[in-house]
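Our numbering applies: residue 3 is where the sequence shown begins, and numbers increase by one. The structure appears below as structure tokens.
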Amino acid sequence: MFYRLVTTLTRTQKEIVFVGFDVAMVALAMFAALVLNATVRTDLSMAMALLPLIGALMAVGGVISWRLGLPRIKLAAYETRGITRTAFFAALTGVAGFVLDSLIAPPLPPAVYFIFTTLLLVFCATWRILALHATIQIYRKGALRMRVLIYGAGQTGQQLVAALRHDDAIEPVCFVDDNPTLQSLVISGLRVHAPSTIKDLIASKGIDRVVLAMPSIRQPELARIAHRLRSIGCEVHALPSFAELVGEGELKKRVAPVSLDDLLGRNRLESELPGVSHAYTGRRILITGAGGSIGSELCRQLIGCKPDCIVLLDHSELALYNIDKELRDLSEGLTIAPVLGSVLDEPLMTQLLAEYRIDVVLHAAAYKHLPLVESNVISGMRNNVLGTKVIAEAARDAGVERFILVSSDKAVRPTNVMGASKRLAELIVQDLATRSADTRFSMVRFGNVLGSSGSVIPLFEEQIARGGPVTLTDSRVTRYFMTISEAARLVLLAGSFARGGDVFVLDMGNPVPIRKLARQMIEGAGYTVRDVRNPDGDIEIKITGLRSGEKLHEELLISPDMLTTPHHKILRAQEGYLSEFEVATAVKDLRHAITTRDEALARAIIARWVERGEKDPVRAEEKQTV
């Protein structure tokens, strides 16, 4: 009730209430002054004789209060200025009482008015202070407040409680601390509990958020505590130390970016690659998998080429929505057509190519996460192989000028289903290239893309953020890396260089040891690696074992024969391919395996038609050494 009353009063109504309290304090101060003065008889007859004086004094006091602006001073701002005005109000009212006393009432000793002035100052200031605290309590009880549990009952936690008690929106509820000597104590008015009780505390006390007030402990340990709390459903925030807020000392250098050139093992190529606008300006382009990491970057780079139309195809509604919105915000006057669908939908592909009169197809749609495809063989082969066949044949039938397949280094002598599916997709495109007079088919093969969905970089960042450990499948694993921007630019360049049946690869320098990458990222984030040589380090690098189908070392080429292109860092591979009859046989058998969901048959097809890599990592390592 009080909360509703306080929040619904207008400013004018509040000012009238304030004047009313000041007037009441005038009467109360006068009665108190009469009682405290020993020379004045305070019986009923005397009180009745003084009523006209007190009534007139209350009226005058109300006018003085209003004219001095006391009601317009907010309670929260009642400080030096407010007290000064209150003192002036009390003095003027005391003088007015002395003057009125000589006119309408039995004369009173001057000491009465001195006491009256002092008491009026005290009473008016006191009622405002009490009203402020009462209003705060009313707001706190009536409004929804965030209930906070503070992890850490030390000095920082106590300071936090003191600060939060002045906040209308937050209520500190209790402490949690690892120190057994503090548990069960009451500190700063809050009880300290053991960490093991957090889950029960959240349920019983309605905790909305946990704040970690332990800035002195090491960041990895803090991250592990936060991760543990989030796993039980807590919203967790960490309170920085005052040193961090100020930004002094070593903390300024706490997070150092990791050099991409170091991660890549070579210089980046974004600035070195020539322009490709001439191949795409004024063209109508279809991008499959447009919402993915590579597909979305292709869209962004194509905007600068000023195409006539970009058709975005993706089976993920959210991914399609995001890239469509982004492109519309970035470009004006460019026709953008988002299409929700799959490359497996043959009628849709035929319709899209005809309706939008597509000149160029950039085929980036694929299932690429190795463990998932390995455990979902049929879905992976269907999407990556048959999907490529559908869109490639539709492009040929529609007379599309260029078709570029985005492939992977895992297609080279694959040891896993994902890589094999990409190699079969390459063989289908290579076969179509030999039988197409109008459409130039080409493929682009590159290594791991830094920052793409499911790549090792975001995984390591997440593991470091929660305090480790950072997981490696094998300490000997190496990979080729490139940036998303490089990958997209390479695809676009392939389209401009394509003559038909080309397999383009980027000179990716030396492969990067993943253990080295993990160490660089840990140290770049300001931590140390915990190992045998440094048992007190922050974050451990943990070996989990190679996943099914995973290689120690990836390759980019099946054959060592290479041809140059207009750019010295981009090479054209010369590789063998299957005949039309062999491709038809492989596709026929694969369709049967997919229809019957026969994983064994699908793997047999891979074994028959795809050159396989070494399954045994130890033997593979030995071959690399020889």
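We put the beta carbon where it would ideally sit given N, CA and C, even for glycine.
Collapsing the DSSP output to three states places Phe125 in a helix. The three-state secondary structure of Leu508, taken from DSSP, is strand. The C-beta separation of Gly502 from Arg442 comes to about 5 angstroms, placing the pair in contact by the 8 angstroms criterion. Val472: not part of any alpha helix (DSSP H); member of the beta strand (DSSP E) spanning Val472 to Leu474, first to last residue. Here Ala215 is buried, its C-beta having at least 16 other C-beta atoms within 10 Å. Listed in chain order, the alpha helix (DSSP H) runs fully inside the segment 558-599 are 582-597, counting runs of at least 4 residues. As computed with DSSP, Cys176 is found in a beta bridge with Leu151. Under the three-state reduction of DSSP, Arg605 is assigned to helix. Here DSSP, grouped into helix, strand and coil, assigns Pro340 to strand.
Val493 is not a Cβ neighbour of Val387, given a cutoff of 8 angstroms. Counting C-beta pairs closer than 8 angstroms gives fewer than three between the segment 602-611 and the segment 526-535, which falls short of the contact rule. DSSP lists Ile406 and Asp504 as the beta-bridge partner residues of Ser444. Per DSSP, reduced to three states, the secondary structure at Met216 is coil, with no helix or strand assignment. Contact annotation: the segment 509-526 touches the segment 477-493, with at least three C-beta pairs closer than 8 angstroms.
Beta-bridge annotation (DSSP): Leu548 is not paired with any residue.
Spanning the alpha carbons of Arg87 and Val150 requires a straight line of approximately 40 angstroms. Pairing Ile380 with Ile312, the inter-Cα distance amounts to about 31 angstroms. Here the segment 425-436 makes contact with the segment 387-398; the two share three or more CB pairs at distances below 8 angstroms. In this structure, the straight-line span from the alpha carbon of Ala609 to that of Ala527 is close to 44 angstroms.
The shortest C-alpha to C-alpha distance from Ala520 to any of Glu488, Ala490, Leu461 and Gly578 is the one to Leu461. For the 8 angstroms CB-CB criterion, Gly293 and Ser318 form a contact. In the displayed model, His280 falls within a helix according to three-state DSSP.
Secondary structure at Glu237: coil, using DSSP grouped into helix, strand and coil. Of the candidates Leu70, Gly99, Ala93 and Arg83, Gly99 places its Cα closest to the Cα of Leu59. Beta bridge pairing from DSSP links Asp316 with Leu342. It is roughly 29 angstroms from the alpha-carbon of Lys544 to the alpha-carbon of Lys201. When DSSP reads this structure, Glu542 sits in a beta bridge with Arg532. Residue pairing by DSSP places Thr119 opposite no residue, since no beta bridge is assigned to it. In this structure, Met383 and Ile596 form a Cβ contact; the two beta carbons are roughly 6 angstroms apart against a cut-off of 8 angstroms. Using a Cβ distance threshold of 8 angstroms, Ile541 and Ile466 count as a contacting pair. Between the segment 125-137 and the segment 153-160 there are fewer than three C-beta pairs closer than 8 angstroms, too few to call the two in contact. Here the C-alpha atom of Arg491 lies approximately 25 angstroms from the C-alpha atom of Pro416.
Closest in C-alpha terms to Val97, from the list Val28, Ser438, His168 and Ala165, comes Val28.
The beta carbon of Gly306 lies closer than 8 angstroms to those of Ser279 in the same chain, with the five residues before and after it left out. Each of Met32, Arg69 and Pro73 was checked against the Cα of Leu53, and the nearest Cα belongs to Met32.
Just measuring C-alpha positions, the residue of Glu525, Glu582, Pro568 and Gly154 sitting nearest Glu463 is Glu525.
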